[in-house]
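Participant: Residue 21 in the UniProt record's numbering sits at position 21 of the sequence shown, with consecutive numbering throughout. In this text, a Cβ means the ideal position worked out from N, Cα and C, and glycines have one as well.
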Amino acid sequence: MAHQDEKITQLKSQLQNFLDHLDELDPSKTSVEDIDRLILMVENMEQDLPQ
């Protein structure tokens, strides 16, 4: 159970990091690389989800 709690805490941190990056983006200056980086962050979070 403790391991699952650690995973959830880690995912919350990653999600907050993702949201921070999203908030910092200026839509008029956002590049394809920026979007790719966000997609990669989401994919990494998905892989870390407890099964």
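(1) How many Å lie between V42 and M1 at the Cα?
(2) Less than 8 Å between the CB atoms is what I'm expecting for L11 and L49, so what's the real figure, rounded?
(3) Provide the residue span of the alpha helix (DSSP H) that contains S28, from first to last.
(4) Could you tell me the distance, in whole angstroms, from the CA atom of I35 to the CA atom of D5?
Facilitator: Reading from the atomic positions:
(1) 24 Å
(2) 7 Å
(3) Note, S28: premise wrong, no alpha helix (DSSP H); not H, not E.
(4) 30 Å
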